[in-house]
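Below you'll find the structure, written out as structure tokens, and then a few comments.
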Amino acid sequence: MTTLFDHPDNTWELIANGLPWTLSLAGGSLALGFFLAIGLALVRLSPFRPLQWVAYAYVYLFRSTPLLVQIFLIYYGLGQFEAVQKSFMWPFLREAHWCAVLALTLNTTAYTSEIIRGGLLAVPWGQVEAAKACGMGMGLRFRRVVFPQAIRQALPAYGNEIVLMVKSTSLVSTITILDMTLIARKETSATFSIEPLFIAAVFYLVINFLATRAVMWLEYRMSPDLREARTGKTLPDQDVVRAH
Amino acid sequence: MADWMSLLAWGDSGWGDEMIRGAGWTLLVAVIAFALGIVVGIAGAAVKLSQVPFVPLLGDVYTTLVRGVPDLITIYIIFFGGGQAAMAVARLFGHTGYIEFDALTTGVLALGFISGAYATEVIRGAVMAVPKGQIEAAKACGMNRRTMFRRILVPQVARYALPGLGNVWQLTLKDTSLISVVGLTEIMRQAFVASGSTKQPIVFFVSAAVLYLALTSLSNKVFDRVEIVANRGVRRA
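Going line by line, the protein sequences match chains A and F.
Just so we're aligned, residue 6 is where the first sequence starts under this note's numbering, counting upward by one.
Just so we're aligned, residue 50 is where the second sequence starts under this note's numbering, counting upward by one.
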């Protein structure tokens, strides 16, 4: 059998060759998308109507079209513009993996910004008032009061987004990136056995299981105030507070 | 820049009619798969809410697997493995012929299987949202299980499940684009073929995006409408 890579005898090893692609694409686009999404959510909540509209249109466009269309538009479409071919970006946009990162990032930004917006809107206004009354400026208020609470609120939904992105990376197999999905599909076509596809499925399941566990742990860590105090370790004055 | 009008013209010279026909296939696959998904979802919810020990576990395995594995992998498994599985079943009944799933069958089965997992969760949630008191009241009125199911449970579950099922529909509609990998000439496949033969990817992928946008926006309107009708008897604060 001839393939593009060294062919180990073990199918698990073979599929594992695609694991770095899956992890780096999901991790990279989620990390980039997270910061862009905060910006987009803030734009969406800004008092300027035209800006709100731009943010809304962006989210609407990316959420109403399939990711595959977005990937194809960027991978096959961008090169059609001469301006793009002549720009300094071309060495990047020529490569399938940078196109994949770009498409996945733009896509997750749209979804994540809605999640973060929901979190920001869930922070009670009284908290903002209290922070103002304490004399906090806008930046400090956002950093210490609004944002931490918004993130905690948004965490469960963001966990779903992480799972979705891990799954979405499989679409990059359509633009020649040898991730787990493409390796499994090629191997299945070559051997007429669907075993490689099942093995890839197991890899994805394990990644998603670990990711959801990590988010649950983070959620637990971020909400000590919602937990029961450990018996025996309660400080006396805490009991006084609870008695109110 | 490319001449959009002539590229998307109707008839033999342009790709306009092919793209619209692709949209027809997309809609067809999505509608059948969604209907299948609801049937699977009702069965899945029944399994998950079953009182029989270990039966709910089966439902958990189904929803966890489908929602944790990329849809593309599920589609490939059904595409490559579906024929083999069907042949194995056929052999039990004495048929020895060769069976292979065509693209449409693969698409409908795969998307129905996927959307069924999401629909299971939506319908399960909707069943659990029906207040216990209603069931008790129905029993107190002397309704038997069938009447209770038909008159009390179904109308309310349908109403509670509507928004969630709207999301499942959107997901199914967008997932149809993945069926292009097994060769069904829906929007994505058509756009891919057209851009390959004309070397104008922007024109055709933008057209594809516009078609999806139109389909999702229109069906959103339909779901909003249905929701209003379904909730016309509900008083809101």
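Glycine included, C-beta positions come from ideal geometry on N, C-alpha and C.
Computed from a predicted model, the values in this text were never measured in an experiment.
Quick one: what does DSSP say VAL151(A) is sitting in, helix, strand or coil?
In the structure shown, VAL151(A) sits in a helix (DSSP, three-state: H, G or I).
Let me make sure I understand the geometry here. Which of ALA189(A), ALA195(A), LEU50(A) has the alpha-carbon closest to that of PHE203(A)?
Looking at the Cα atoms, ALA189(A) is the closest of the given residues.
Within the continuous alpha helix (DSSP H) that includes ASN193(F), where are the two ends?
Careful: ASN193(F) lies outside any alpha helix (DSSP H) and carries neither H nor E.
Ignoring anything shorter than 4 residues, give me the alpha helix (DSSP H) runs that lie fully in the region 165-227 of chain A, in order along the chain.
Taking only runs of at least 4 residues, the alpha helix (DSSP H) segments lying wholly in the region 165-227 of chain A are 185-196, 200-227.
Return the chain-ordered ranges of every alpha helix (DSSP H) run that is complete within the region 103-131 of chain F and spans a minimum of 4 residues.
The region 103-131 of chain F contains these whole alpha helix (DSSP H) runs: 104-117.
Label ARG122(A) either buried or exposed according to how many other C-beta atoms from any shown protein chain fall within 10 Å of its C-beta, with 16 as the threshold for buried.
It counts as buried.
Anyone know if the C-beta pair for LEU160(F) and VAL78(F) falls short of 8 Å?
In this structure, VAL78(F) lies closer than 8 Å to LEU160(F) by Cβ.
Could you tell me the boundaries of the alpha helix (DSSP H) in which LYS137(A) lies?
Element bounds for LYS137(A): 130-138.
Using the Cα positions of TRP64(F) and MET237(F), report the straight-line distance between them to the nearest angstrom.
Using only the alpha carbons, I get a separation of about 13 Å.
What residues of chain F sit near LEU28(A), judged by a beta carbon separation below 8 Å?
None at all; the shortest Cβ gap to chain F is about 14 Å.
Please classify ALA248(A) as buried or exposed, where buried requires at least 16 neighbouring CB atoms within 10 angstroms.
Caution is warranted here: a pLDDT of 47 is assigned to ALA248(A), below 50, making its placement in the model unreliable, and the coordinate value is therefore given only provisionally. So ALA248(A) ends up on the exposed side.
Leaving out the 5 sequence neighbours to the left and right, which residues in its chain are closer than 8 Å to SER62(F) when beta-carbon positions are compared?
SER55, listed in sequence order.
So, is CYS139(A) buried or exposed, given that buried needs 16 or more other C-beta atoms within 10 angstroms?
By the 10 Å Cβ count, CYS139(A) comes out exposed.
At a CB-CB cut-off below 7 Å, which residues of chain A make contact with SER244(F)?
Under the 7 Å cutoff, chain A gives TYR81.
How many Å lie between LEU106(F) and GLY90(F) at the Cα?
Looking at the two C-alpha atoms, the distance is approximately 15 Å.
Just reading off the alpha helix (DSSP H) that THR154(F) is part of, what are its end residues?
Unbroken alpha helix (DSSP H) run through THR154(F): 152-178.
On a Cα-Cα basis, can you pick out the residue from ASN165(A), LEU187(A), LEU160(A), VAL133(A) that is closest to VAL150(A)?
Answer by Cα proximity: VAL133(A).
Find out if the Cβ-Cβ distance for the pair TYR163(A), THR217(A) is shorter than 8 Å.
Not a contact, by the Cβ cut-off of 8 Å.
Around the C-beta of GLY282(F), are 16 or more other C-beta atoms found within 10 angstroms, so that it is buried, or is it exposed?
Classification for GLY282(F): exposed.
For MET130(F), which option in SER99(F), VAL231(F), ALA92(F), ILE87(F) has the closest C-alpha, if you only look at C-alpha atoms?
Going by the sequence as given, residue 130(F) is Gly instead of Met. Selected option, being the one with the closest Cα: VAL231(F).
Can you tell me whether MET6(A) is helix, strand or coil according to DSSP?
Low per-residue confidence applies at MET6(A): pLDDT is 45, beneath 50, and the placement is therefore not dependable enough to give any value.
May I ask which residues mark the beginning and end of the alpha helix (DSSP H) holding ASP273(F)?
From DSSP, the alpha helix (DSSP H) with ASP273(F) extends over 250-279.
Are the C-beta atoms of GLN85(A) and some chain F residue less than 8 Å apart?
Interface residue, yes.
How is ARG285(F) classed by DSSP in three states: helix, strand or coil?
Here ARG285(F) sits in coil by DSSP.
Pick helix, strand or coil for PRO71(A), following the three-state DSSP scheme.
Coil at PRO71(A), not helix or strand.
Looking only at its chain, what residues have a beta carbon closer than 6 Å to the beta carbon of LEU107(A), apart from the 5 residues adjacent to it on each side?
Counting only Cβ-Cβ distances below 6 Å, and skipping sequence neighbours, we find ILE79.
If you reduce the DSSP assignment to three classes, tell me which class ARG122(A) lands in.
DSSP places ARG122(A) in helix when its eight states are reduced to three.
Determine, using beta carbons only, whether ASN213(A) comes closer than 8 Å to chain F.
It does; some Cβ of chain F falls within 8 Å.
So, at 7 Å on beta carbons, what are the nonlocal neighbours of GLU18(A) in its own chain, with the 5 sequence-adjacent residues on each side left out?
Hits under 7 Å: none found.
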